[in-house]
Amino acid sequence: MSEWALHCFKAYDIRGIAHSELDSTFADRLGRALTTFLDCKALAVGRDIRESGPELHAAFVNGLKDAGCDVYDLGICTTGAVYHATTALPVDGGVMITASHNPPEYNGFKMCRGSAAMAGDEIQDLRAVFEAGDFNTGSGQIVATPGFNDDYLATIIQKAGLPGRPVKLVVDAANAVPGPIMIELGRRIGCDLIPLYCNWDNTFPNHPPDPTRPQNMVDLGEAVVKHGADFGIGIDGDGDRIGVVDEDGAFIHPDRLLAVFARDILSRVPADASEAERTIIFDVKCSMALEKTIEAAGGISHMMRTGHSFLKQALRENPEVPMAGEMSGHFFFHDRWNGFDDSLYATARLIELVARSDVNSFSKLFDGIPTYPSTGEAKVPLPGEREVIMDAVREAFADMEFSAVDGVRVRYPNGWYLCRPSNTEPILVMRAEAKEADALEAIKADVESRIGQIIDLDQFHNS
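Note that the sequence shown ends on residue 616 in our numbering; no numbers are left out.
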């Protein structure tokens, strides 16, 4: 068995517990392996504020240099800044050292080949190079990046547009890396931004930096009401996802915000536009209300597998598609932006949309978008071998119409049920939705009758 923590090579990134699974020796070797795998001459590198960040950053950069790769060192920054660097700097790709919203003891590496996020088989191919140990050698250099952050913020503002009227919002950065730069963005845009937990503290003392969990947005909701703000935005740990609350502090699921963005974008698409120009891409966890909103706005809905890397790749392959998004709060603007998921840009676009709208409250933006009874996003323990269990689930629903684009999403007359294996944890992710509460209970009962003997569904029923 290898001495390396090879299980840290995940579907979308490399992630594990710092100092044990991911240490300086691992990071140095990864730098050499990545340079060899990509055969690259220059990479942009940034990191978040985790306690293990300086050690992993220094070792990783050393590995890159010793394999002959120049390093455009961005220092402490957001993942969105690294994505921007892959198009704004003369580099062959970029790496963000981060574990996103995971607890403080974790860290990891998000990697791009060129401007495309590495994922799936590509990361496993990198793992093989890492394990083999036959690396390039050379003498790379550190390249300074003066003025990069100014250019990054200027590009966001240019592409998003300035608000047409004053907008008051609260931003909760959960003490993670995006806080100070989010404050600076608000200052430059000219909005009234009230910061909440925007100072750095890598212990995340107030709540985890995951804005898609309603329990993490309670303080934000209270602050919005207290300050009479138009709305509130929560930012995740590395700055590529957002979540929102309305003027009453009520949590809004990200797929509903995606519906608002999609409807706004589609309202400006010409009547003679191509199918691609009218298509909005979303992942299998999103509500059927999103599909109905897209179609009511004259758009075409396209559902695909969950995973930010996969949706970005779909946009690269379909350059006329104006937007994609996920239930997890990743928003990929492709009309005026480059298709990257960036919390700062998503915030700027939302500010611009609110300022441009003629509604008198944030919640009015969601008028006309159906609200259906649904379960939460249940995380159910995987009771055995992943493929064996999923084969059993598919067999259990063989008489039903379902999509197998990512797990199993079963279509019922009045709703749907999803069961998909997580790409990062030994769990099954489940969700169900229906047009009425009785129909939702009927779906849950049917699911129980079909797979309750092979999977413990308590967490699904209680979600």
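C-beta atoms are modelled at their ideal positions from N, C-alpha and C, and glycine is treated no differently.
Take the Cβ of residue i as the centre, count every other Cβ of all protein chains shown within 10 Å, and call the residue buried at 16 or more, exposed below.
i: Ala598; result: exposed
i: Asp134; result: Nothing can be reported for residue 134: it is not among the residues displayed for the chain, which extend from 154 to 616.
i: Glu586; result: buried
i: Pro407; result: buried
i: Met249; result: buried
i: Glu540; result: exposed
i: Ser155; result: The predicted position of Ser155 is uncertain, since its pLDDT is 48 and thus under 50; a value taken from the coordinates is nonetheless stated next. That one is exposed.
i: Glu444; result: buried
i: Gly478; result: buried
i: Gly451; result: exposed
i: Ala551; result: exposed
i: Thr178; result: exposed
i: Met553; result: exposed
i: Pro207; result: exposed
i: Lys379; result: exposed
i: Glu331; result: Looking at the sequence itself, residue 331 is Pro, so the reference to Glu does not match. Answer is buried; the Cβ neighbour count reaches 16.
My guess is that residue i and residue j are in contact by the Cβ rule of under 8 Å, so how many angstroms apart are they, rounded?
i: Phe670; j: Leu518; result: One cannot answer for residue 670 here, as it falls past the ends of the chain, which runs 154 to 616.
i: Cys351; j: Met370; result: Not quite, the Cβ-Cβ distance comes to about 15 Å (not below 8 Å), so this is no contact.
i: Asp274; j: Leu191; result: In fact, because the Cβ distance is near 15 Å, the residues do not count as touching under 8 Å.
i: Ile608; j: Lys532; result: So it is not a contact: roughly 12 Å between Cβ atoms.
i: Asn355; j: Arg573; result: Contact flag wrong, Cβ pair sits at about 32 Å.
i: Tyr570; j: Ile542; result: 16 Å between Cβ atoms; not a contact.
i: His623; j: Met476; result: Examination of residue 623 is not possible in this model, given that the chain is present from 154 through 616 alone.
Where residue i and residue j are concerned, what is the direct C-alpha to C-alpha distance, given to the nearest angstrom?
i: Ser575; j: Arg431; result: 30 Å
i: Asn255; j: Pro423; result: 42 Å
i: Arg168; j: Leu175; result: 8 Å
i: Leu187; j: Gly216; result: 9 Å
i: Gly221; j: Arg584; result: 47 Å
i: Ala449; j: Ala329; result: 38 Å
i: Gly521; j: Gly247; result: 41 Å
i: Pro534; j: Val582; result: 9 Å
i: Pro524; j: Ala442; result: Per the sequence presented here, residue 524 reads as Thr, with Pro not at that position. Their backbone Cα atoms lie some 7 Å apart in a straight line.
i: Arg603; j: Thr577; result: 26 Å
i: Glu594; j: Phe301; result: 53 Å
i: Phe414; j: Arg509; result: 13 Å
i: Tyr305; j: Arg340; result: 15 Å
i: Ala327; j: Ser253; result: 12 Å
i: Gly381; j: Leu183; result: 48 Å
i: Ser616; j: Glu530; result: 7 Å
i: Val507; j: Ala197; result: 34 Å
i: Gly228; j: Val474; result: 33 Å
i: Ala623; j: Thr290; result: For the chain, the structure presents residues 154 to 616; residue 623 sits outside this window and is missing.
i: Pro536; j: Asp494; result: 33 Å
i: Gly114; j: Val377; result: Since the displayed the chain opens at 154 and closes at 616, residue 114 lies outside it and no answer follows.
i: Ile386; j: Gly560; result: 31 Å
i: His614; j: Gly568; result: 16 Å
i: Leu411; j: Gly492; result: 14 Å
i: Leu468; j: Ala270; result: 12 Å
i: Thr240; j: Val323; result: 30 Å
Opposite residue i in the DSSP bridges: which residues?
i: Leu196; result: Val224
i: Leu175; result: Ala171
i: Pro475; result: Looking at the DSSP assignment, Pro475 forms no beta bridge with any residue, so it has no partner.
i: Phe262; result: Ile167, Ile250
i: Thr432; result: Ile453
i: Ser556; result: Arg562
i: Lys532; result: Val582
i: Leu571; result: Arg562, Arg584
i: Asp325; result: Leu349, Gly387
i: Ile395; result: Ile388
i: Val296; result: Tyr225
i: Ile405; result: Val397
i: Asp152; result: This structure gives no information on residue 152, because the portion of the chain shown stretches from 154 to 616.
Determine, using beta carbons only, whether residue i comes closer than 8 Å to chain C.
i: Asp363; result: Absent from the structure: chain C. Only one protein chain is present.
At least three beta-carbon pairs within less than 8 Å, the region 283-293 to the region 154-169
Touching, per the Cβ criterion.
Is there contact here, the region 260-275 with the region 317-336, by at least three beta-carbon pairs under 8 Å? A contact is defined here as three or more CB-CB pairs under 8 Å, and the region 260-275 fails this definition with respect to the region 317-336.
Any chance the region 501-510 sits against the region 440-458, with 3 or more Cβ pairs inside 8 Å? no
The region 361-376 contacting the region 391-410, beta-carbon criterion three pairs below 8 Å | yes
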